[in-house]
Every structure is written in C-alpha cells, then in structure tokens.
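Protein sequences, first through last, are from chains A and B.
Per the numbering used here, the first sequence runs over residues 1126 to 1373.
Per the numbering used here, the second sequence runs over residues 1126 to 1373.
Comments concern the structure below.
Protein chains: 2
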Amino acid sequence: MTVPRSHPRYESLRIREMVSAGFLSGAVALEGVMAHGRGEAFDYILGEETLLTAKAAIRAAAATLLLSSHPVISVNGNVAALCSKEVVNLSLTSNSKIEVNLFYDSIQRRRIIIGMLYRAGAKEVLGLERHSMIKGLESARRMVSHGIAQADTVVVPLEDGDRTQALINAGKKVITIDLNPLSRTARTASITIVDNITRALPILSDYCKEMKGYHTEQLAEIAEFDNMANLKECVRLIKERLDEYIDA
Amino acid sequence: MTVPRSHPRYESLRIREMVSAGFLSGAVALEGVMAHGRGEAFDYILGEETLLTAKAAIRAAAATLLLSSHPVISVNGNVAALCSKEVVNLSLTSNSKIEVNLFYDSIQRRRIIIGMLYRAGAKEVLGLERHSMIKGLESARRMVSHGIAQADTVVVPLEDGDRTQALINAGKKVITIDLNPLSRTARTASITIVDNITRALPILSDYCKEMKGYHTEQLAEIAEFDNMANLKECVRLIKERLDEYIDA
C-alpha cells in the first residue's frame, strides 16, 4: 500500500505496514498483529500524542536507567518490527544490553529478530541461548539469557502482565511501555510509560543523553516516581478527551 | 491453544482463536486481524458486556429491519469468521438477504466466505458477482450485487466510515455494529450498536422474532432513534467505568 505523506492517518498507517511486514518476515506472531490493533485503539483514545503524564514517566525511566548497574532492554517481535533502530540507540544512550525474549517463542523467530537488531546496528544481542530461569513463570519466557538474569532494571515494552510480575518478584525494576493504562502490566511495573513505543523510545534516548552528566543525587530525585498516581492522572486526561468527543 | 472454560478470559480468547483460524483459512485479511485487536481494546473498555445503550440500539435496529422492504446483511471476513451462523439466523428472523462485500477484496476471499455462510446454513449468498455501483466510493467496494444495490436497509457490521457514508448518501438506512463509539462509522450510521458482534447479533435476532407480530405503527415508534444521543450516553457510561478503575 502506498499512503501519501499528506494523509491524515499517515503515521498510523505507516506503523501498521511495519507490523504487517514484520508478520510476513516471521518476526511478528499473528497474536502480535492483534496486539498491535489493541494498541492502535488505545492510542486513538489518547489522541495519538505523548501525554504530559507519559513525559514524566519517561523522565523517571531515563534517570532509573542511568542509575542502574545492569540495565537490559527486552525485545519481542513487535518491538523489533517497529523500532529496532530506536532500541539500538537507547542501548547506547543508556548503556543497556539488548535481549530478545518472546511470548510465542521459537528459535527461528528469535533468529529473525536478532538479525533485525544486528542490521539496525546492534553490537551484541542476547537471547539466542538461554541458561537462566525467572521464577514464577509458566511459559517458555521463564528461560532467559544472562542479560535479564543479571539485570537490576529491565525495559519490557509491549509486555504481558505475568512476566512483569515475575521480574518484579525477582527484585528487578521494570520499566514498561504500554498503551493501556488499565492493564495488569501497567499496574505492576515500577514505571509505566503509557505511550506509543515509536514516540516514547526516541524521547527516552534524548532524556538519557541529556542527563548523562547529572549527579547521582540529582538522578535519584528524578527517578522517584509514583506509578499509580501517574496512571490515575493519565486516565483523567483520557476522560477529558472523551468529553471533547461528547461535546463535538 | 487449548483454553480451559474456567479461564477468566475464556470468551475473549475463544473469539481470538476464531479470528486466527479465519486468517489461516483465508477468510480474514491481515488487516482484519489488526482490526479485531482494535475491537478487543474497545470491548475491554466497555467491560465486555452489552450496555443498556446498545440494547436500545439493537431494539431500534430490529424494528427498522422488520419495517424494511429489502433489508440486506453485508458480510466481510471478520463477520464470517466470528458469526456465520448468527448471520444466517438473523437473515431468517429479519427476512434479510446476505451479501458478501470486502474492503480487501479478492474473488478467492469472496468464495471462501460464501462457502462459510453456506456451511452455516445460508440458502442464498450474494456478492460473488457484482453488477451495480455505489456512488462516492473509490475502493473496490463501490461494486455491489443486486442485494445491496436494491436494499432500503443495510446491516454493515465492522465497517469502514467511507462505505457507511456512501450507503447513507445512496438513501439507505444503515445499521452498524461497531465497538468504537467515536468512529466515523458510528457517527455516520442511522443506528449504531456499540457492542461485540458476537453478543449483539443473537440479541438482534431475538428482538426480530419477538416483534414479528407487532403492528407497523408500533414498529415505527420503536424504530425512532436518536443515534447521536445514544452514542453520547454510551461514552458517558464508558467514563463511569474508567472512574471505577481510577478508584480501584
């Protein structure tokens, strides 16, 4: 499909095409295509823009990453299809490792996704082989590489609630990017960025770059974050938007 | 995937599997898989139940169908994957024709969907051949069979806004089933049922059966319907649900 740049839905349709291409190339599971649709609906309700609440969460996330000793970015098929370059960039600005971890796992999908990340400029991608186990998870995802196993902070964008809970139980800080502010993942994570990953990741990288020279005390202050209060404020903003629709 | 009936997400996961199966069988387009995800998100926000506003819309829709001389149910891949039997049942209770009409059209998909409807018990399915044109539509969908061409009322579940507008412009009454109360389709249709199609269609059939003996005047009164007022009330109910989340 050729969508002209002037089309009002250009950005949304462009992203949709990336997911479709990801499915056809074997990186995105069919369930991931559906999950993208869910994300589209929530983004539509947000007004397809990064809310002030999201910016606050991104700022706290950047400080948290810079304070971490072993930060890791967990990547699945949708993340790779939408933002391989942005993941690589964030790994550089935040000094994080990259690890592939899939809900609908297969060695072939892992390989395809790792290839995408290398083509996007990654120096090292973990996750092809798995030696460690996260307790409290039934699915194949309990098996992880040494990146997530040793991490103190994990960025898990587009994640399922079980895994977020298991990582929290394992004593790790979890930063998630989830367009549904009501999801279990959103409520379980240490920091939830309610935003489209394609908008949020570049901002997160920018904040990491900007704060690189900050003192530890300064970062610790910025990293202080009340996740539930932020989510509630986000839902309040969504309700305001619905009011505009009603009055329109 | 085998999901136990006791699983809290059983119904949603069962429906998801029907869409996946529809994709694998060639009835559902990849874009339809994504669209299902969008519907899931909106249904989640509704609380996955038929709201009172939806019941009111369904009642008006039933009366409108019974008052129509040439009602037609337009079916696409997602509708066939989710409710072929319910479509056949509604065609009997409302004396409506069935016509296949696809956004991502191909003769092969049309054939697959027509086959599904015949297997579900349909006596006649239109749409394989197209002789007529709906004005004001750019896409392949402007071509229709004589069912939609001659219809005075068209049920268009899971529809795009352009087509709804074109059918309205052609002087037809349009009944849509759309989980997004803010969509252009929802705002354009004569009657919008904001509900999951798998819940709404059986209720619509039941109302048609129940009202079969009603007088024309009685039906005309029930068919009187303020669509925008109903949509606004629906959005108000959604906002109330969001409040419960905030307070939870």
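Ideal Cβ positions, reconstructed from N, Cα and C, are used throughout, including at glycine.
Annotation: S1308 of chain B is outside any alpha helix (DSSP H) and is labelled neither H nor E by DSSP.
Against H1161 of chain A, the close residues of chain B are M1159 and G1162, in the order they occur along the chain (beta-carbon pairs closer than 7 Å).
By DSSP's assignment, E1224 of chain B forms a beta bridge with B:S1199 and B:L1251.
Residues of chain B whose Cβ lies closer than 7 Å to the Cβ of V1360 of chain A are, in chain order, L1367, Y1370 and I1371.
At a Cβ-Cβ threshold of 8 Å, S1231 of chain A and V1197 of chain A do not count as neighbours. Contact between the stretch 1184-1201 of chain B and the stretch 1272-1284 of chain B is present, with at least three C-beta pairs closer than 8 Å. Apart from the 5 residues on each side of it in sequence, A1276 of chain A sits with its Cβ closer than 7 Å to the Cβ of H1195, P1196, V1197 and K1297 in its chain, given in chain order. Counting the other CB atoms within 10 Å of its CB gives S1308 of chain A a total of 16 or more, which places it among the buried residues. When C-alpha distances from L1176 of chain A are compared across A:Y1370, A:I1371, A:K1357 and A:G1162, the shortest belongs to A:K1357.
By the criterion of a C-beta distance shorter than 6 Å, S1257 of chain A is surrounded in its chain by V1269 and A1274, once the five residues flanking it on both sides are discounted.
Not one beta carbon of chain A lies nearer than 8 Å to the beta carbon of R1234 of chain B. I1273 of chain A is not bridged by DSSP to any residue.
Assignment of beta-bridge partners to P1133 of chain A by DSSP yields no partner. Between the alpha carbons of T1310 of chain A and I1318 of chain A lies a distance of about 11 Å.
By the beta-carbon neighbour count (other beta carbons within 10 angstroms, threshold 16), D1372 of chain B is exposed. At least one CB atom of chain B sits nearer than 8 Å to the CB of S1145 of chain A. Pairing A1187 of chain A with C1333 of chain A gives a Cβ-Cβ distance under 8 Å. DSSP places I1232 of chain A within a helical segment (H, G or I) once states are collapsed to three. Residue state for T1175 of chain A is assigned as coil, using DSSP reduced to three classes. In this model, A1182 of chain A and N1305 of chain A are separated by some 14 Å (Cα to Cα). V1299 of chain A is bridged by DSSP to A:V1279. With fewer than 16 other Cβ atoms inside 10 Å of its own Cβ, R1244 of chain B counts as exposed. Annotation: the continuous beta strand (DSSP E) that includes I1318 of chain B extends over I1316 to I1318.
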